[in-house]
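Trainee: Okay, here's the structure, questions in a sec.
Protein chains: 2
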Amino acid sequence: MDVLVPLATDEPKTRLAGTLSPSERSAFARAMCADVLEAISGRDHDPQVLATTAVDADAPVTVDDRPLTTAVNAALADAFDGGADAVGVVMADLALATPAAVDRLFETDGDVVLAPGRGAGTNAVVTRHPEFRTDYHGASIRDHREAAHDIGADVTEVDSFRLATDVDEPADLAEVLLHGEGRAREWLVDAGFAVTVADGRAEVTRAN
Amino acid sequence: MDVLVPLATDEPKTRLAGTLSPSERSAFARAMCADVLEAISGRDHDPQVLATTAVDADAPVTVDDRPLTTAVNAALADAFDGGADAVGVVMADLALATPAAVDRLFETDGDVVLAPGRGAGTNAVVTRHPEFRTDYHGASIRDHREAAHDIGADVTEVDSFRLATDVDEPADLAEVLLHGEGRAREWLVDAGFAVTVADGRAEVTRAN
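Line by line, the protein sequences give chains A and B.
Sequential numbering from 15 applies to the first sequence in the working numbering.
Sequential numbering from 15 applies to the second sequence in the working numbering.
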């Protein structure tokens with residue numbers, strides 16, 4: 015399956031600005047993207063990075079500087095025009111993605127398969143319906159269900175913590191440290207981050 | 015399988031104190047527990063509520079006012095002493111739990127099966143090893159992996175967004191509204207809560 019992996023390369027991960035420097039955020043975002051690409055290609059699927067500027071990656075890169083929704087929808091239209099039967103869209107910040115989690119997404123039946131993200135998001139999609147289009151603005155999981163319904167497409171959802179965990183905020187780093195299996199976790203460990211316990215609660219701290 | 019469902023009845027859900035009144039928090043906690051019990055018993059498993067005080071529930075209730083870890087471990091010891099081959103422990107605030115999600119937990123092989131919770135927690139356990147004990151303090155998922163390792167038990171983990179989502183904080187209510195299928199969601203809707211979108215981001219609001 016062709017799988018789009020959208021990656022914002024300018025000002026990535028702004029909600030981590032208090033935790034990581036701009037160059038660190040960029041490096042960490044690239045490490046997460048590498049993990050996602052590896053999870054996808056590990057099962058013989060074909061990831062394609064959809065980046066806002068030119069970037070090095072272990073997959074073909076298409077540059078489209080338009081907003082996320084516009085760029086993804088243009089790529090979906092191109093893929094179906096080119097004869098695709100199914101197209102995946104997997105966010106580049108799913109640092110817990112594993113080949114097994116990605117397989118469950120790709121192997122789930124349905125015209126439209128959605129992997130919800132925490133906080134009303136949609137972290138991954140497979141569409142086998144050529145008319146389905148994304149809208150990542152707002153409560154996207156609700157909007158995607160409605161959009162599929164409006165075109166008469168069956169929707170199924172994948173129940174995955176790994177796919178539901180996009181890494182946006184400092185607290186999310188704990189998930190990467192505890193459950194990540196790839197480069198993003200390694201990057202955090204090398205940068206001095208660890209999960210520590212204070213007053214009985216887990217928190218993320220950084221060694222000096 | 016016998017499945018323990020620990021429920022704190024005094025001062026439940028304190029982190030929702032700014033959002034729900036004390037009586038509302040109690041009612042909402044009971045609705046979530048009812049959903050969890052239904053998800054478990056829907057597949058012919060036998061839930062048993064382990065409550066800090068007497069409470070009405072659609073399952074047998076054992077009262078144990080000791081701290082969570084102590085009470086759960088005493089119940090595990092009792093169950094294995096009584097001849098159980100396997101015992102489950104499922105938190106009462108997993109408002110997204112469905113029979114399918116619970117089935118995946120119960121049907122996963124392993125001496126110890128863990129369902130991670132967001133924020134380093136452990137939201138559900140199945141132990142087939144009579145010596146495994148819980149410790150819900152701190153980064154419990156890490157501690158549970160180590161505890162299983164120390165007794166030579168194989169650990170497997172269940173990748174489930176539904177089981178990873180315990181409902182503690184106001185933002186978690188969005189998950190219940192968008193993904194819940196039972197009484198907890200209904201309770202929130204009846205109480206006037208909805209997911210709305212402001213500045214492109216989803217948030218939970220309450221009608222007056």
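Even glycine gets a Cβ: it sits at the ideal position worked out from N, Cα and C.
#1: Can you list the residues of chain A that Ser174(B) reaches, using a CB-CB cut of under 8 Å?
#2: Determine the DSSP secondary structure at Arg215(A), reduced to helix, strand or coil.
#3: Pick helix, strand or coil for Val75(A), following the three-state DSSP scheme.
#4: Are the C-beta of His163(B) and some C-beta of chain A separated by less than 8 Å?
#5: Could you say which of Ala73(B), Asp72(B), Ala71(B) and Ala88(B) lies nearest to Asp79(B) if we only look at CA atoms?
#6: Note down the Cα distance separating Ala188(A) from Ala208(A), rounded to an integer number of angstroms.
#7: What in chain B is Cβ-close to Leu192(A), meaning under 8 Å?
#8: Quick one: complete alpha helix (DSSP H) runs, 4+ long, within the stretch 24-110 of chain A?
#9: Checking contacts by CB at 8 Å: is Gly214(A) closer than that to chain B?
#10: Who are the near neighbours of Leu51(A) in its chain, counting only those whose CB is closer than 7 Å to its CB and skipping five residues on each side?
#11: Short of 6 Å in beta carbon distance, which residues of its chain neighbour Ala68(B), apart from the five on each side in sequence? Order them along the chain.
#12: Rounded C-beta distance between Ser137(A) and Leu191(A)? I'm assuming under 8 Å.
#13: Could you name the residues of the same chain whose beta carbon sits closer than 8 Å to that of Ala134(B), not counting the 5 residues immediately before and after it, in chain order?
#14: So with Cβ pairs under 8 Å, would you call Ala178(B) a contact of chain A?
#15: Which term fits Pro36(B), buried or exposed, when burial requires 16 or more other beta carbons within 10 angstroms of its beta carbon?
#16: Against chain B, with Cβ distances strictly below 8 Å, would Val181(A) count as a contact?
#17: Val139(A) by DSSP, collapsed to three states: which one?
#18: Return no unless some Cβ of chain B is closer than 8 Å to the Cβ of Val209(A).
#19: Roughly how many whole angstroms lie between the Cα atoms of Asp204(B) and Arg44(A)?
#20: Tell me, please, whether the stretch 20-39 of chain A touches the stretch 111-128 of chain A by the rule of three or more beta-carbon pairs shorter than 8 Å.
#21: Could you compute how far the alpha carbon of Asp107(B) sits from the alpha carbon of Asp92(A)?
#22: Can you tell me the Cβ-Cβ gap for Thr141(A) and Ala198(A), rounded? I've got them flagged as a contact below 8 Å.
#23: What number of angstroms, rounded off, separates the C-alpha of Ser174(A) from the C-alpha of Thr83(A)?
#24: May I have the straight-line CA-CA distance separating Val139(A) from Pro81(B), to the nearest angstrom?
Mentor: By the coordinates alone:
#1: Here residue 174(B) refers to the residue found at position 160 when the second sequence is read from its first residue. Going along chain A in sequence order, the residues near Ser174(B) (Cβ under 8 Å) are Asp173, Ser174 and Phe175.
#2: The count along the first sequence starts at 1 and reaches residue 215(A) at position 201. Of the three classes helix, strand and coil, the one that applies to Arg215(A) here is strand, per DSSP.
#3: Taking the first sequence and counting its residues from 1, one reaches residue 75(A) at position 61. The answer is strand: DSSP assigns Val75(A) an E or B state.
#4: As a first step, residue 163(B) is located in the second sequence; it is residue number 149 there, counting from the start. Taking Cβ atoms only, chain A never reaches closer than 8 Å to His163(B), which makes this a no.
#5: For this step, residue 79(B) is matched to residue 65 along the second sequence. Nearest C-alpha to Asp79(B): Ala88(B).
#6: Against the first sequence, residue 188(A) aligns to sequence position 174. Against the first sequence, residue 208(A) aligns to sequence position 194. When rounded, the distance between both Cα atoms is 8 Å.
#7: For the purposes of this step, residue 192(A) is identified with residue 178 of the first sequence, where counting begins at 1. In chain order: Pro130, Ala134, Ala153, Ile155 and Arg156.
#8: 36-55 and 82-95
#9: Sequence index remark: in the first sequence, residue 214(A) carries index 200 (1-based). Closer than 8 Å to some Cβ of chain B, the Cβ of Gly214(A) qualifies, so yes.
#10: Within the first sequence, numbered from 1, the residue matching residue 51(A) stands at position 37. If we look at Leu51(A) and ignore the five residues flanking it on each side, its Cβ neighbours are Val19, Pro61, Ala71, Asp72 and Ala73.
#11: Position 54 of the second sequence, counted from the start, is the residue given in the question as residue 68(B). So the list reads Val77, once near-sequence residues are dropped.
#12: Position 123 of the first sequence, counted from the first residue, corresponds to residue 137(A). Position 177 of the first sequence, counted from the first residue, corresponds to residue 191(A). The sequence given here has Asn at residue 137(A), not Ser. Not confirmed; about 19 Å, so no contact.
#13: Taking the second sequence and counting its residues from 1, the one referred to as residue 134(B) is at position 120. Within the same chain, Ala134(B) has close Cβ partners Gly152, Ala153, Ser154, Ile155 and Arg156.
#14: Counting from one through the second sequence, the residue named residue 178(B) turns up at place 164. Output row for Ala178(B): interface = yes.
#15: Counting from 1 along the second sequence, the entry for residue 36(B) is found at position 22. Exposed, because fewer than 16 other Cβ atoms sit within 10 Å of the Cβ of Pro36(B).
#16: Numbered from 1 along the first sequence, position 167 holds the residue referred to as residue 181(A). No, Val181(A) lies away from the interface with chain B (no Cβ there is under 8 Å from its Cβ).
#17: In the first sequence, residue 139(A) corresponds to position 125, counting from 1. In this structure, Val139(A) counts as strand in the three-state DSSP scheme.
#18: To locate residue 209(A), count along the first sequence from 1; it is residue 195. Answer yes: the Cβ-Cβ gap between Val209(A) and chain B drops below 8 Å somewhere.
#19: For the purposes of this step, residue 204(B) is taken as the residue at position 190 of the second sequence. For the purposes of this step, residue 44(A) is taken as the residue at position 30 of the first sequence. Rounded to the nearest angstrom, the two C-alpha atoms are 44 Å apart.
#20: no
#21: On the second sequence, position 93 is the one that residue 107(B) refers to. On the first sequence, position 78 is the one that residue 92(A) refers to. Rounded to the nearest angstrom, the two C-alpha atoms are 44 Å apart.
#22: As a working note, residue 141(A) is residue 127 in the first sequence. As a working note, residue 198(A) is residue 184 in the first sequence. Actually they do not touch by this definition, with Cβ atoms about 27 Å apart.
#23: In the first sequence, counting from the first residue as 1, residue 174(A) sits at position 160. In the first sequence, counting from the first residue as 1, residue 83(A) sits at position 69. Roughly 23 Å separates the two Cα atoms.
#24: In the first sequence, residue 139(A) corresponds to position 125, counting from 1. In the second sequence, residue 81(B) corresponds to position 67, counting from 1. Approximately 42 Å, taken between the alpha carbons.
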